[in-house]
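This report refers to the structure that appears directly beneath it.
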Amino acid sequence: MNILMYGIYIISMMLFVLGSVYFSRKAIKKFKLNRWVIAFTSPLILIIPSVFFKDINPIIWSILIAIFIGFCILFFEINNNISENRGIKETMDYRKTR
């Protein structure tokens with residue numbers, strides 16, 4: 009039974025990551041997103057609630073972590089898209105960001 013729970017957990021995490029990648033690619037095509045704004049604000053999703061509230065419900069904390077992971081995947085997908093379209097040198101130039 010314990011192995012089954014680990015299997016369900018692994019499959020659900022894989023589906024979450026693949027869903028985040030799918031959402032990221034759709035969002036990149038539809039909106040012009042600045043990758044550095046996403047990079048610097050995504051940790052604030054976890055920091056601000058932990059500063060203001062002592063006891064956070066584990067379900068809410070899990071939702072915040074999932075949002076944080078989604079934003080991290082979005083940041084790396086934007087970097088991947090820029091490096092595929094413009095090259096590695098353009099990826100490192102912070103002035104020419106989306």
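So the sequence shown is residues 9 to 106, counted in the working numbering. Beta carbons are placed, not taken as given, at the ideal position from N, Cα and C, and that holds for glycine. The model shown is predicted, which means the values in this text are computed figures rather than measured ones.
Legend entry - Cβ pair count under 8 Å reaching 3, the stretch 35-53 against the stretch 75-83: yes
Legend entry - Contact set for Leu76: own chain, Cβ-Cβ below 8 Å, skip 5 residues either direction: The sequence shown places Phe at residue 76, rather than the Leu named in the question. Answer for Phe76: Ser50, Pro51, Ile53, Leu54, listed in chain order.
Inset, instruction - Determine the closest residue to Phe79 out of Lys62, Asn42, Ser58, with distance taken between C-alpha atoms. - result: Asn42
Legend entry - First through last residue of the alpha helix (DSSP H) which encompasses Pro66: 66-94
Inset, instruction - Can you tell me the Cβ-Cβ gap for Ser122 and Ile67, rounded? I've got them flagged as a contact below 8 Å. - result: Here the chain comprises residues numbered 9 to 106, so residue 122 is not present and cannot be evaluated.
Legend entry - For Met5, the first and last residue of its enclosing alpha helix (DSSP H): The structure shown does not extend to residue 5, since the chain spans only 9 to 106, so no value can be given for it.
Inset, instruction - Check whether the Cβ atoms of Asn89 and Ile46 sit closer than 7 Å, and answer yes or no. - result: no
Legend entry - Supposed close pair Phe24, Ala74 - CB separation, criterion 8 Å: The beta carbons of Phe24 and Ala74 sit about 7 Å from each other, so the pair counts as a contact at 8 Å.
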